[in-house]
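Heads up, the thing below is written out as structure tokens.
Residue numbers (this note's numbering): 1448 to 1680.
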């Protein structure tokens, strides 16, 4: 492959419904913008963040909500589906993706809203936990999921495959993650599996629903007690 010292990765955002990218960055953008955001709205496109419950637009910087997009390349609609289900009154398409816009108009994508972990009244993006997990050399692959909890709504559980040849313990990894994550984003448990036990998509991403079921099954098998609730068989 080709290599060059000045090459880097650039954040961008788009969907099939926008036909192409809705946001990106110029090639000479600062490194912190390239690695930490998904760029600004491209010419002819407009991005806004909507309150998840009310659908009203957020106006403050870094207010999290649902990403909505409007512009020249946006689709007209889905065949035989009422457009009121996915367009707002101003013609913005509700993407079902979570995110925020910062004070410079840069988009910060936080993942699919359906994958957000709702725990103790807070919405937690698994991507934030997985980013911290990726900085742990003792982990080969891992993902965070929400497991049902009758009091908290969901609890955060990490399912991980240890890196080859490295020994890792759950208490040690929990301690490491506690230094990287706010208290409400910290997993209650870290469960270790072999790669063969996990289900992957065609592009080698862990499948969320099978992972959630796997985690729940392990907790039940262990008769684990978490936040006052016992997960029995």
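Built from N, CA and C at the ideal position, the CB exists for glycine as well.
It should be emphasised that the depicted structure is a prediction, and the values quoted were computed from it without experimental measurement.
When secondary structure is reduced to three states using DSSP, residue 1628 falls in the coil class, being assigned neither helix nor strand. Minimum Cα-Cα distance from residue 1610 among the listed residues 1626, 1604 and 1639 corresponds to 1639.
Rounded to whole angstroms, the Cβ separation of residue 1513 and residue 1541 is 6 Å, and the two are in contact under 8 Å. Where residue 1667 is concerned, there is no enclosing beta strand (DSSP E), although the alpha helix (DSSP H) around it starts and stops at 1655-1669.
In terms of CA proximity to residue 1666, 1594 leads the group 1614, 1622, 1594 and 1501.
Under DSSP, the beta-bridge partners assigned to residue 1554 are 1548. DSSP places residue 1468 inside the beta strand (DSSP E), whose first and last residues are 1468-1471. One alpha carbon belongs to residue 1677, the other to residue 1617, and they sit about 19 Å apart. With contacts defined as CB atoms closer than 8 Å, residue 1470 and residue 1489 qualify as a contacting pair. Around the Cβ of residue 1604, a 10 Å sphere holds 16 or more other Cβ atoms; the residue is buried. Taking 8 Å as the cut-off, the Cβ atoms of residue 1576 and residue 1632 count as close.
In the three-state reduction of the DSSP assignment, residue 1589 falls in the strand class, which pools E and B.
A distance of 8 Å or more separates the beta carbons of residue 1608 and residue 1649. Restricting attention to 1563, 1622, 1573 and 1484, the CA atom closest to the CA of residue 1552 is found in 1484. The beta carbons of residue 1572 and residue 1561 sit no closer together than 8 Å. In this structure, DSSP gives residue 1483 a helical state, which the three-state scheme calls helix. For residue 1521, no alpha helix (DSSP H) run applies, since DSSP gives it neither H nor E. Burial state of residue 1658 is buried, judged by a 10 Å Cβ sphere holding 16 or more other Cβ atoms. Separation of the CB atoms of residue 1554 and residue 1546 is rounded to 6 Å, and the pair is thereby assigned contact status at 8 Å. When secondary structure is reduced to three states using DSSP, residue 1674 falls in the coil class, being assigned neither helix nor strand. The continuous alpha helix (DSSP H) containing residue 1579 extends over residues 1573-1581.
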